[in-house]
Structures are given as C-alpha cells and as structure tokens.
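Numbering (the numbering used here), first residue to last: 60 to 495. Below you'll find the structure, written out as structure tokens, and then a few comments.
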C-alpha cells in the first residue's frame, strides 16, 4: 500500500472499525474501500470518498507491523500451510496464543471452479464465533485480487445468523497466484451453528476469475472451549453520565464487554475511543482490530478485545477512557435541503454547514483530523430512511472538511440526521476490576 494512502486511511480507521454495519453491505464496502486504498498519489486537497460501511477494509491493510511470537513462529509455522496463517494474525495476540496452545482444527478441504482452487486450511471456533483461514490459487495473477466468504450456511442450508468480515491479504504480492485470507464470524447471543457448515466464496473484485460461487462443505468438531463469563453489573460515572458494565466474556477468539448507558443520561454515548483491559502489571489487551470492533447501538453496546483466554493474568481490570458523547437534545441535525436551512444543530460542536441541497450536505469541523464520519443515515418527514452510502473527507489549516451524499433525492423535507460520531468527549480513568 502506498504510504500516502495509508496515512489518509488511518484518519478514518477508528470510525470505520466502530460502526455497526448491516451484513449485506460489508462485502461490497470492503471492495470499494480497497480500491480507494490502491489509488495513485493524489494532491493534498483531493477529496477521498470512503464508504461509511467499510468497517472491514482496514483488516489486512494495517496488520503487518506487529511482531509474531517466536514460539508460534517456530512451532506452528512448521505445520504445512500454517506459515501463511501466522502472517494473517500477527495483529491479534489472542489468536496467536490460541494457535500456540494448538486450539485450532486443520481441515484442508478444497473445491475448484474455472481453474480456481480454494482450500479451507483451518478454523478456530468457540461459543462466540468462528475464524476461517483459507487459500486461493488462481491460474494467473490479476489486478487487486479479492476473494471473500459471502455466506456461511448451516446444516439445513440456511444462512448463519452472524456479523462477519472477510477478505484476502491486501499486502500480498500482486504477481502471486496464491492468496491467503480469513473470515471472522461474530455469532448473535445464545447462537451457535452445528457441526455441518457450508462456506460460500465469491469473486468480490468482479475480476471474472470464476463465475458464480464456490461452496465448500466442512465438518467441525463438536468440542468448543467454554466462555469465561464475569458478571459485573457495575456502574461507573463518566463526568456525570452513568454507564453500567454488565458483563465481560472471554473466549479463545475474543473478549467482549457489554455496556449499557443509563437511559436518563443527559448525553448520548456514541463511541468508546480508548477502552482497554489491563493486568496487574499494567500490560494491555487491545480493542479488536479485525474489522468489527463493536456491535449494538447507543442504548447497549458490546465492545470486542483481544482474548486473554490462554494467557489469563492474576488480575484483570477495565478502563473506559475517552468516550464520544452528544447532548440528547441535540443528538441529531435537522435540515431543510430545499431551502438550505439548518433547523436544529448543536451550538458547541464547532460544525459549520457550508452547503446543503437535495443531493447531500457539506460541512467543516473546527478541529484538525477528526477521523470519524459524523453521519450514516437520515430520516425524512415521513419517517422513511435515507441512507448516506459515502462520505468525502479532507483536512487542512486545522480544520476537517466533510461531505455526505444521500442515496436518493426522493424524500420529504425536513431531514433528521442522527450523529453516528461527534466531536465532543467525556472521560474516565477509573479502574474497574473484572476479577482478582
């Protein structure tokens, strides 16, 4: 990836990761974001169109800078095909320790079509999710190859109810005919598929390397490590706003924290920017970077972390850190796109609207490099949803400039546009004990 593009993408990295994304948008969003990342060097003030739903595009773009455990590199890499998997998970300490403890299933199941061979090398499964590692062999190199899992089907042929991210390694050699990828599935609460699954692959880059889809049936072990659950039900006050930490779940693939803000809070909590888990020595477990770092909404949110399942410390604590929040009376902007009028907006946001019409809005924020996309959808006067599928962003002279394009112009004014992120913060450094 070109360094200039990587720097620009980092400005949006955190916001893209934290958004809750409809499953049907993820695959195409990954593809669109990847194409942007491959563009040639642009002038400094060139607008960058980045799909709001592209929560997974950065999964592999930023994973190749973290050191791999020598134990894992030495032992696991000796297993045929596992060296490629080691490369994919260098960003995730939890998955590293899972492999170090040989908590994975080697499958080596292949199917082919039109000269393309896809092999599911291995999987890691637990009660919360499933990670699939696969290899794609193509007859000859193609530009920006991108093959992804499009669906996971259960034993009855029904789609597995899960959020997911999937894609091949963006850092792979473009002249290579062997590509490595992974798919990460987040199961819904109290859901776990059976042993017999079908993994469906598609050519998401539309390179027409193969037509249709490739389906690969797999059989998994019925054995799954049990999730360690710590019920806390502790309330922490963040500058006067109450937040309940309901429970913490730790499984081999990931750890998760369930958070419920008090509905009577004066502020609406939008994003948890700097939450961290620490042990008795101050060592940290990072928030997840596998493309979907949280699920839920402002009323209840689950935030994901690297797992400490195979490396449990004597003590484990949680620090909420910096949180984005907006006053509830101004949790949305109301505009009339026919007249260009701002009917309602926060007074202290530092946001200035520079253009409003039926196709979209443009604004500037009096903050440099605010790397979050403010809006994801709007509601018109009839209560109909108006999607905002893309946003433009640039930053200069201490300001952030954004523009948002509406999916269509056939709506009734005024529009109510809810904040997905907001340039206002509250903070707590209180240390909450998970266990001792």
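The C-beta atom is built at its ideal place from N, Cα and C for all residues, glycine as well.
Distance, Cα to Cα, residue i vs residue j?
i	j	result
residue 331	residue 376	16 Å
residue 339	residue 197	49 Å
residue 329	residue 247	21 Å
residue 152	residue 280	24 Å
residue 163	residue 183	5 Å
residue 167	residue 300	51 Å
residue 276	residue 179	10 Å
residue 254	residue 373	34 Å
residue 461	residue 150	30 Å
residue 207	residue 189	15 Å
residue 476	residue 402	11 Å
residue 409	residue 458	10 Å
residue 433	residue 221	26 Å
residue 413	residue 400	11 Å
residue 431	residue 480	6 Å
residue 287	residue 306	10 Å
residue 233	residue 202	7 Å
residue 344	residue 335	6 Å
residue 407	residue 423	14 Å
residue 341	residue 474	47 Å
residue 385	residue 478	8 Å
residue 278	residue 360	32 Å
residue 493	residue 354	21 Å
residue 398	residue 322	35 Å
residue 489	residue 158	34 Å
residue 97	residue 435	Bear in mind that a pLDDT of 33 at residue 97, under 50, signals an unreliable position, so the number given afterwards is only what the model happens to contain. Roughly 24 Å between the two C-alpha positions.
residue 130	residue 154	For residue 130, the predicted structure reports a pLDDT of 43, less than 50, and the residue's modelled location is therefore unreliable. The matter cannot be settled from this model.
residue 314	residue 191	18 Å
For the beta strand (DSSP E) containing residue i, name the first residue and the last one.
i	result
residue 359	It is not in any beta strand (DSSP E) - residue 359 carries neither H nor E in the DSSP assignment.
residue 451	449-455
residue 336	335-338
residue 219	It is not in any beta strand (DSSP E) - residue 219 carries neither H nor E in the DSSP assignment.
residue 178	175-184
residue 430	Counting along the chain, residue 430 falls outside any beta strand (DSSP E), and DSSP gives it neither H nor E.
residue 477	474-478
residue 246	237-246
Nearest CA to the CA of residue i: which residue from the options?
i	options	result
residue 362	195, 451, 245	245
residue 404	412, 392, 396	392
residue 487	461, 320, 298, 359	298
residue 482	335, 292, 389, 180	389
residue 346	154, 386, 365	365
residue 147	194, 384, 161	194
residue 352	220, 224, 240	224
residue 185	260, 311, 155	311
residue 383	445, 320, 442, 414	320
residue 210	202, 243, 201, 233	243
residue 337	394, 495, 442	495
residue 358	398, 302, 289	302
residue 468	192, 443, 313	443
residue 387	238, 324, 411	324
By the 10 Å Cβ neighbour count, where 16 or more other Cβ atoms means buried, how is residue i classified, buried or exposed?
i	result
residue 379	buried
residue 227	buried
residue 126	Here the model assigns residue 126 a pLDDT of 33, short of 50, so the residue's position is not dependable, and the following value carries that caveat. So residue 126 ends up on the exposed side.
residue 455	exposed
residue 356	exposed
residue 326	buried
residue 447	buried
residue 240	buried
residue 471	exposed
residue 156	buried
residue 440	exposed
residue 235	exposed
residue 82	Residue placement at residue 82 is flagged as unreliable, the pLDDT there being 41, under the threshold of 50; the coordinate-derived value follows with that caveat. It counts as exposed.
residue 89	In this predicted model, residue 89 has a pLDDT of only 34, less than 50, meaning its place in the structure is not dependable; the value taken from the coordinates is given anyway. That one is buried.
residue 215	exposed
residue 425	exposed
Would you give the residue range spanned by the alpha helix (DSSP H) that residue i belongs to?
i	result
residue 155	152-159
Establish whether the CB of residue i and some CB of chain C are separated by less than 8 Å.
i	result
residue 486	As a matter of chain content, chain C is missing from the structure shown, which is built from one protein chain.
Considering only residues of the same chain and omitting the five flanking positions on each side of residue i, which have a CB-CB separation below 7 Å?
i	result
residue 304	291, 293, 295, 316, 318, 377, 491
residue 212	218, 219, 256, 257, 259
residue 252	213, 219
residue 381	332, 333, 484, 486
residue 370	156
In chain order, what residues of the same chain have a beta carbon less than 8 Å from the beta carbon of residue i, not counting five sequence neighbours either side?
i	result
residue 171	177, 273
residue 104	Because the pLDDT at residue 104 is just 28, under 50, the model does not fix this residue reliably, and the point stays unresolved.
residue 269	172, 173, 174, 175, 262
residue 284	162, 185, 186, 310, 311, 368
residue 199	236
Near residue i, what residues of its chain come up, given a Cβ to Cβ distance below 6 Å and the 5 sequence neighbours on each side ignored?
i	result
residue 165	181
residue 464	419, 449
residue 416	396
residue 445	437, 439, 465, 470
residue 429	459, 482
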